[in-house]
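Okay, so the sequence shown: first residue is 245 according to the numbering used here, each after it adds one.
Note that beta-carbon positions come from the ideal geometry of N, C-alpha and C, so glycine has one too.
Computed from a predicted model, the values in this text were never measured in an experiment.
First comes the structure, then the notes that go with it.
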Amino acid sequence: MGLLDPDTRDGRVIFFLPWMNYALAGTTDTECTVTDQPSPSEAEVNFILEEISSYLSPEIQVRRGDVLSSWAGIRPLVRDPNSSDTQSIARNHIIDVSPSKLITIAGGKWTTYRSMAEETVDKAIKVCDLKPTGPCRTKGLLLEGAHGWSPNLFIQIVQEYGMDVDVARHLTGIYGDKAITIANISKLTGLRWPILGKKLHPEFPFIEAENFLKSEMGLGLRVMEGVRMDLTIDEISNLLQSFRKLDHDTKGYVSLDDLRKFCTESGEYVSEEVLQSTLNTMDINKNGQVDMSEFLQFMSAIKSGVVVNSPLKKVLSRTRIPVYRSGGGV
């Protein structure tokens with residue numbers, strides 16, 4: 245929750261918002277010289293500091309040295325071509341219709357884009373005598389990532405993918421239900437916990453999978469670069485699903501019986517001796533339990549040949565036929 249004051253001493257709007265364990269404060273709106281690299285002036289920074297100080301307890305002193313970063317941008321304003329005042333500047337947006345019925349929308353900002361879109365389409369319907377098939381749908385229309393989102397989605401990410409709570413909160417807050425897609429391509433940490441989600445910096449929840457998407461657009465790339473474990477994205481996803489199915493009561497580990505069930509359901513016969521040997525190999529922590537990280541590490545070892553002559557090697561490489569392709573028989 246943040247603070248927004250539209251009535252400061254000189255009429256400018258001030259906001260004070262929490263962000264990544266810090267706070268964002270702004271903003272100013274003044275004329276400036278057009279440049280490729282705009283930057284805030286000291287007067288603007290001091291104005292913001294003075295304004296937010298009035299909302300804080302008297303014992304809290306916000307100093308110039310507390311400012312870790314500041315930035316500025318240039319917002320172009322538009323003139324209304326239909327205004328009699330040639331100096332008239334529109335601070336919001338304008339919609340202009342030419343004699344040939346060309347509709348132009350200019351100005352505005354990200355926070356009003358839905359209203360801008362609705363007004364523009366309404367204008368097109370009126371000017372061009374269009375026949376809409378239904379009412380405007382922009383109000384309440386869910387954006388990408390919102391359909392499967394819920395306030396508790398981050399808990400599912402933590403439980404099913406073994407991610408830090410702060411990382412899961414960050415992913416669901418930024419990507420909505422697409423956080424699951426990010427989790428599926430996240431790198432193994434090599435730790436007992438968290439299992440997935442290598443941070444770019446230990447103090448922040450940004451993970452390498454996000455950088456991977458941004459820099460390489462790697463959603464279609466099967467092999468995760470830099471991962472020591474020899475598993476593809478699809479294989480990790482399938483193995484995580486198998487582990488969660490075995491760990492149906494969410495203990496966080498699987499047992500010998502669970503492994504036996506895994507082999508049987510995969511169509512592989514494995515002797516009791518091999519199962520016992522497999523358990524001893526997988527139980528890296530020697531506690532009689534195999535957690536998700538140990539399970540993945542062992543499966544990677546099987547694939548890469550570190551664990552040789554293992555009946556489970558075929559299990560990993562088997563591609564299960566989807567139900568819709570098997571007629572429901574698999």
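The continuous beta strand (DSSP E) containing residue 247 extends over residues 247-249. Secondary structure note for residue 306: it is in no alpha helix (DSSP H), with a DSSP letter that is neither H nor E. Looking at the backbone, the Cα of residue 404 and that of residue 313 are separated by about 36 Å.
For residue 364, the enclosing alpha helix (DSSP H) stretches over residues 357-371. Distance check between residue 311 and each of 480, 268, 394 places 268 closest, using alpha-carbon atoms only. Its Cα nearest to that of residue 450, the residue 416 stands out among 480, 416, 421.
When the beta-carbon positions are compared, residue 276 and residue 318 come within less than 8 Å of each other. When the beta-carbon positions are compared, residue 444 and residue 423 stay at least 8 Å from each other. The C-alpha of residue 254 is placed about 33 Å away from the C-alpha of residue 383. Residue 492 counts as exposed, since fewer than 16 other C-beta atoms from the protein chains shown sit within 10 angstroms of its C-beta. Taking C-alpha positions only, residue 447 is separated from residue 322 by approximately 42 Å.
Exclusion of the five residues before and after residue 264 leaves 448 as the residues of its chain whose Cβ lies within less than 7 Å of its Cβ. Distance from the CA of residue 400 to the CA of residue 348, rounded to the nearest whole angstrom, comes to 45 Å.
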